[in-house]
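Under the working numbering, residues 30 to 270 are what the sequence shown spells out, in order.
Input: a single structure, listed below in structure tokens.
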Amino acid sequence: MKVEPSMAGAPPSRPVGPLLERIPLFARLDAAQIARLSRQFITARFRAGERVIMQGDPVQRFIVVHRGELSLLRSSADGRERIVAMLRPGMHFGLAEMITGEGSAVAVRAEQECILGVLSQEAFRREVLADTKLSYALMQTMARSIFRLVRELDHATFESVPQRLARYLLAAAHHSGLRTDRGIQILRAPTHQELANLVGATRETVTRALGKMRDQGLLELGYRRITILDHERLAASVSEE
30 MKVEPSMAGA
40 PPSRPVGPLL
50 ERIPLFARLD
60 AAQIARLSRQ
70 FITARFRAGE
80 RVIMQGDPVQ
90 RFIVVHRGEL
100 SLLRSSADGR
110 ERIVAMLRPG
120 MHFGLAEMIT
130 GEGSAVAVRA
140 EQECILGVLS
150 QEAFRREVLA
160 DTKLSYALMQ
170 TMARSIFRLV
180 RELDHATFES
190 VPQRLARYLL
200 AAAHHSGLRT
210 DRGIQILRAP
220 THQELANLVG
230 ATRETVTRAL
240 GKMRDQGLLE
250 LGYRRITILD
260 HERLAASVSE
270 E
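Here's what the structure looks like:
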């Protein structure tokens with residue numbers, strides 16, 4: 030992972046602690062532990078379109094998004110890329126890869142100017158070895174990740190495209206939604222093609238599903254903007270047969 034030279038070694042330009050407290054791995058740590066870990070972070074800035082991590086490269090840093098939006102992209106054998114996930118402020122990447130030493134399964138690209146908090150592999154190892162509470166929290170997080178992956182596989186196998194789409198929109202609203210008098214607006218909503226990549230469908234199928242949700246009064250659609258008008262009904266649609 031590349032860190033902008035002018036920022037290398039610079040302390041975070043904004044507090045990392047509040048973001049760490051919302052990450053399950055660190056949520057059980059006390060204030061002193063959070064403060065100590067926060068001091069190990071540096072700040073990195075990336076312009077829109079820059080690659081933060083290349084697919085296959087070893088991941089030697091844990092990143093937390095302060096500002097901006099990152100896309101996770103996976104390349105096929107013929108060189109085509111598709112977006113498999115988006116990272117927004119407060120979200121993070123690289124923990125499992127940094128611990129295992131594996132190459133990144135995805136590329137990470139800045140979709141807009143980004144400010145990231147960066148924790149080096151060496152600093153993280155030093156903190157984990159010095160703190161058994163952090164080590165145990167790490168094991169819990171890995172166990173939860175396994176269960177979450179099993180659930181996601183079930184969703185991909187048994188849910189319809191509208192269900193997967195509704196599930197994604199609800200998650201996006203939870204992570205980065207803006208509550209308005211009309212409903213919950215998803216900021217910088219993905220394009221129809223990006224949504225199709227995220228839920229494993231074609232763009233045409235996603236467009237039809239969004240149109241049906243709009244006609245049912247669940248969503249309001251605009252350019253790079255999706256507003257959830259009826260959160261309760263949209264959530265109920267995920268569990269429908």
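Each residue gets a CB set at the ideal place from its N, CA and C atoms; glycine is no exception.
Once you ignore the five residues that flank residue i on each side, which residues in its own chain have a CB closer than 7 Å to its CB?
i: R254; result: Q214, A218
i: R57; result: A166
i: A201; result: I215
i: S164; result: V157
Which residues in the same chain have their Cβ closer than 8 Å to the Cβ of residue i, if we skip the five residues on either side of it in sequence?
i: E142; result: R74, F75, R76, A77, R96, G97
i: T231; result: A225
i: R109; result: none
Alpha carbon to alpha carbon, what distance is there between residue j and residue i?
i: R111; j: Q169; result: 31 Å
i: G146; j: T209; result: 29 Å
i: S268; j: S104; result: 32 Å
i: R196; j: A134; result: 23 Å
i: R243; j: P87; result: 43 Å
i: L258; j: G123; result: 34 Å
i: V45; j: S67; result: 6 Å
i: S280; j: D160; result: Residue 280 is absent from the model: the chain starts at 30 and stops at 270.
i: M30; j: S149; result: The predicted model places M30 with a pLDDT of 47, which falls under 50 and marks its position as unreliable; any figure quoted below should be read in that light. Between M30 and S149, the C-alpha separation is close to 10 Å.
i: G85; j: I92; result: 17 Å
Which residue marks the beginning of the beta strand (DSSP E) containing residue i, and which one marks its end?
i: I82; result: 80-82
i: A114; result: 110-116
i: L273; result: The chain is shown from 30 up to 270; residue 273 falls before or after that span and cannot be answered.
Among residues of its own chain, excluding the 5 on either side of residue i, which ones have a beta-carbon nearer than 6 Å to its beta-carbon?
i: T236; result: H221
i: L49; result: F55, I63
i: I144; result: R74, H95, R96
In the DSSP assignment, find the unbroken alpha helix (DSSP H) run with residue i in it and report its ends.
i: F153; result: 150-159
i: A73; result: No alpha helix (DSSP H) contains A73, which is instead part of the beta strand (DSSP E) from 71-75.
i: R65; result: 60-67
Could you check how far apart the C-beta atoms of residue i and residue j are, in whole angstroms? I think they sit under 8 Å.
i: S100; j: E126; result: No, S100 and E126 are not in contact; Cβ-Cβ is about 17 Å, not under 8 Å.
i: L250; j: L239; result: 6 Å
i: R273; j: V81; result: Outside the displayed range of the chain (30 to 270) lies residue 273, so it cannot be described from this structure.
i: I52; j: H121; result: 6 Å
For the ligand GTP, I want to know if residue i counts as a neighbour, meaning its beta carbon is within less than 7 Å of at least one of the ligand's heavy atoms.
i: E261; result: For the ligand GTP, the structure offers nothing, since it holds no ligand at all.
Subject >> Whole runs of the beta strand (DSSP E) within the stretch 196-224, excluding any shorter than 3 residues >> reply: Note on the stretch 196-224: whole beta strand (DSSP E) runs with a minimum of 3 residues are 206-208, 213-215, in chain order.
Original post:
Curious, which full-length alpha helix (DSSP H) runs of at least 4 residues does the stretch 226-261 contain?
Top reply: You should have 232-244.
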